Amino acid sequence: MFEGFPEETIRFFLEIRFHNDASFFNEHRDDYENYVKKPFYDFIEAMAPAVRRIADDMELRPAKCLARIRRDTRFSKDKTPYRDHMWLLFRRSGEEREHSAMYWFELSPERVEWGLGFWDNNRPAMEAIRKRIREKPDEVLGALKDSRIPDQGLDLFGDRYLRMAVPPGLPQQLQEIYPLKEMYVKRSGVPLRTAYTGELVRRCSEDLLRLKPMYQLMRKAMDDAMASLEG
3 MFEGFPEETI RFFLEIRFHN DASFFNEHRD DYENYVKKPF YDFIEAMAPA VRRIADDMEL
63 RPAKCLARIR RDTRFSKDKT PYRDHMWLLF RRSGEEREHS AMYWFELSPE RVEWGLGFWD
123 NNRPAMEAIR KRIREKPDEV LGALKDSRIP DQGLDLFGDR YLRMAVPPGL PQQLQEIYPL
183 KEMYVKRSGV PLRTAYTGEL VRRCSEDLLR LKPMYQLMRK AMDDAMASLE G
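Read in order, the letters of the sequence shown are residues 3 to 233 in my numbering.
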């Protein structure tokens, strides 16, 4: 039963931040297993009932949801081998993260956050969102309204194309979304101490369920994007 992350989780993150090498990790592998991997697995299992209410095709096996502690540094300037934070994804089973709409959760020594979005700057998905804004603006507005976005601490973010022309006559909220390179909703401002309590599951579950209309919109957009690429 998940009753919150132990304080040792954050302690491990801080220690690996300052001793980021294989020797230190191997000496403290048990700490990783007990204070990072196990509580994250417990959290995923505690979140499963809410996630199943969103879609019945979500991947819920903890090993498939949780990021690996070992980083892939092949294409990164940052060559530190281990993460000093951890994140997990809830997405359609069997789907690559680059081709999915997903819920995410992240815990670091500085913050605890969660939300919904596409992976990185997903141009095909955003082109599908723009197409829906042009052709079905009420559908997009309805998803935003039903998800109660924006709201205090829960808002939509993303970098934007500075020179992209926005179709005239769109409602203001859609004018702001249309030129985005990426799109994600984030719950911010949650006190880190919340991660140490079972209250975290309730708060995170409530937000994920609340964002179901936005997930469904983004899921349709991703399906449209994949169909256009395959066609």
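For each residue, glycine too, the CB sits at the ideal point set by N, CA and C.
These numbers were taken from a predicted model, which means no experiment stands behind them.
Check, Outcome
"Can you list, in chain order, the residues of its chain whose CB lies under 7 angstroms from that of residue 52, leaving out five sequence neighbours each side?", "207, 210, 211"
"The beta strand (DSSP E) spanning residue 164 covers which residue range?", "No beta strand (DSSP E) contains residue 164, which DSSP labels as neither H nor E."
"So residue 158 and residue 179 are supposed to be a Cβ contact under 8 angstroms. How far apart are they, rounded?", "7 angstroms"
"Could you pull the start and end residues of the alpha helix (DSSP H) that residue 231 belongs to?", "214-232"
"Does the distance from the CB of residue 145 to the CB of residue 223 come in under 8 angstroms?", "no"
"Per DSSP, residue 103 is paired with what?", "120"
"If contact is defined by three or more beta carbon pairs under 8 angstroms, each pair taking one atom from either stretch, is the segment 147-156 in contact with the segment 226-233?", "no"
"For residue 11 and residue 34, what's the separation of their Cα atoms in angstroms?", "8 angstroms"
"Would you say residue 123 and residue 66 are within 8 angstroms of each other, going by their C-beta atoms?", "no"
"Express the C-alpha separation of residue 171 and residue 205 in angstroms, rounding to a whole number.", "37 angstroms"
"May I have the straight-line CA-CA distance separating residue 61 from residue 16, to the nearest angstrom?", "30 angstroms"
"Measure the C-alpha to C-alpha separation of residue 154 and residue 92 and round it to an integer number of angstroms.", "24 angstroms"
"DSSP three-state label for residue 85, please.", "coil"
"Go through its chain and collect everything with a Cβ distance to residue 2's Cβ below 7 angstroms, but skip five positions before and after it.", "For the chain, the structure presents residues 3 to 233; residue 2 sits outside this window and is missing."
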